[in-house]
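Numbering (my numbering), first residue to last: 1403 to 1744.
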Amino acid sequence: MKLSCKVTQPIERLKILNCLEEGSSEDTGRDIVAGLSQPQKRLPSKYFYDAHGSWLFEQICGLPEYYLTRTELGILEDTASEIMTFFAQAPGDLVELGSGSNRKIRILLDGADGFGVSRLRYVPVDISESALKEACAELLELFPDLHILGIIADFTRHLEVLPRRRKLLTFLGSTIGNFSRDERLGFLRKVAASMNQEDRLLLGLDMLKPADIIEAAYNDGQGVTAEFNKNLLRHLNRSFNADFKVADFEHQAVFVKEKERVEMHLRATRPTSARIADLDLKVACRPGETIHTEICQKFSREKADRDFQQAGLAATRWFTDPKGWFSLVMLKKAGVYLTPRR
Ligand code: SAH
Ligand code: AVI
């Protein structure tokens, strides 16, 4: 695929690369048409994240039921200095896929206090332009020696724009759980292909735990997750000239035990239809019919290790919290072992 990403250089320490500018993403919306044309209607979870969706996700991270963020933050606090020794050994890029706000990267950057952040460049990659630009502006103020290359891109499509320098990639928050198994393996293989032998990937995984705890995290008492789910339709209304009647849908999030994952849906409470003008598509839902909006896979170490092996990656270190609820895994490209000739 040929990519035309626009580069802007507003200030010396910040460069922004936009891979989503008009003309560079010629198939925008094709995934919406494909998803809504299936018997089980579905919408890609990346469409949660317009400016309001990114804000709603930030509110979710602070909810008492949403244990993921605070548990991962605790692990990062304990391990940041060890993780950042990667840059004590040699300079390079600290790449964050699906970067969102700076909450987690700030902890890692603070962990570089032994040698300073001037030995690295921070490369956040996010589909939400507003969230990425806000986060970059804040970091430049907080870390006067830091250089940033911000990439506005879809990490499922644009990984090839990543710089080919020595790098520590991070993919935090268990965002990997929002892929199906095929998508997850495809993504991990692409990440592995972008890595050199000395590069590392730090991956956040939400681990299996009692179902009631997991289910509560996606059915919070204040209804913020419900708003986040419904915002997907509002985003389509705004960005694709659609007319979904959001009040005709309710939030549904269920932990499916056999699949070890939460499945999030929007369920029509009455007959409802919408037209997505920009995609020339009409959608009708019967009462009780759902649109599948997100999966949130939960992991065991064995399942994760199997995926890593199949993607050509190998874990070098597992960091976890005392309850084993969340893991940060350090991965390298698996070695190529040649059978010695006899
Ligand atoms: N890493 C942060 C944010 C997680 S929320 C944390 O752990 O808290 C998921 C983030 O990924 C959001 O910022 C969203 O905008 C971004 N995102 C989702 N799908 C994406 C895609 N296909 N390409 C790039 N970014 C994506
Ligand atoms: C971004 N991602 C890891 C979140 C999750 O938990 O799967 C998104 C989310 N969906 C509902 N609440 C939070």
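Positions of the beta carbon are idealized from the N, C-alpha and C atoms, including for glycine.
- For residue 1471, the shortest C-beta to heavy atom distance toward ligand 1 is below 7 Å.
- Under DSSP, residue 1524 takes part in a beta bridge, and its partners are 1496 and 1550.
- The closest CA to that of residue 1594, considering only 1431, 1709 and 1468, is found on 1709.
- DSSP places residue 1667 outside any alpha helix (DSSP H); the residue lies instead in the beta strand (DSSP E), whose first and last residues are 1663-1670.
- The shortest CA-to-CA distance from residue 1485 to any of 1571, 1677, 1616 and 1628 is the one to 1571.
- In this model, residue 1443 and residue 1686 are separated by some 10 Å (Cα to Cα).
- The alpha-carbon of residue 1633 is positioned some 8 Å away from that of residue 1454.
- In this structure, DSSP gives residue 1608 an extended state, which the three-state scheme calls strand.
- Put simply, of 1543, 1721, 1729 and 1662 the residue whose alpha carbon is nearest the alpha carbon of residue 1700 is 1662.
- Within the chosen limit of 7 Å, ligand 1 does not reach the beta carbon of residue 1661 with any heavy atom.
- Take residue 1676, set aside five residues on each side of it, and the residues of its chain with a beta-carbon closer than 6 Å to its own are 1644, 1645, 1646 and 1685, in chain order.
- Collapsing the DSSP output to three states places residue 1600 in coil.
- By the neighbour-count criterion, in which a residue is buried when 16 or more other Cβ atoms sit within 10 angstroms of its Cβ, residue 1658 is exposed.
- For residue 1632, the uninterrupted alpha helix (DSSP H) segment begins and ends at 1626-1641.
- In this model, residue 1731 and residue 1689 are separated by some 43 Å (Cα to Cα).
- Under the 8 Å Cβ criterion, the segment 1527-1535 counts as touching the segment 1489-1502, having at least three qualifying pairs.
- Rounded to the nearest whole angstrom, the C-alpha separation of residue 1629 and residue 1725 is 30 Å.
- Taken through DSSP and simplified to helix, strand or coil, residue 1566 comes out as coil.
- For residue 1617, the uninterrupted alpha helix (DSSP H) segment begins and ends at 1613-1619.
- For residue 1720, the pairing in a beta bridge is given by DSSP as 1731.
- Of 1512, 1561 and 1565, the smallest CA-CA separation from residue 1541 is found for 1512.
- With 16 or more neighbouring CB atoms inside 10 Å of its own CB, residue 1576 falls in the buried class.
- Beta-carbon to beta-carbon, residue 1639 and residue 1447 are separated by about 17 Å, too far to satisfy the 8 Å threshold.
- Here the segment 1474-1492 lies against the segment 1509-1529, with 3 or more beta-carbon pairs under 8 Å apart.
- If you look at residue 1676, you'll find it isn't in any alpha helix (DSSP H); it sits in the beta strand (DSSP E) that goes 1674-1678.
- Rounded to whole angstroms, the gap between the alpha carbons of residue 1452 and residue 1491 is 38 Å.
- Between residue 1682 and the set 1510, 1438 and 1569, the nearest pair of CA atoms involves 1438.
- Here residue 1526 is not near residue 1539, since their CB atoms are 8 Å or more apart.
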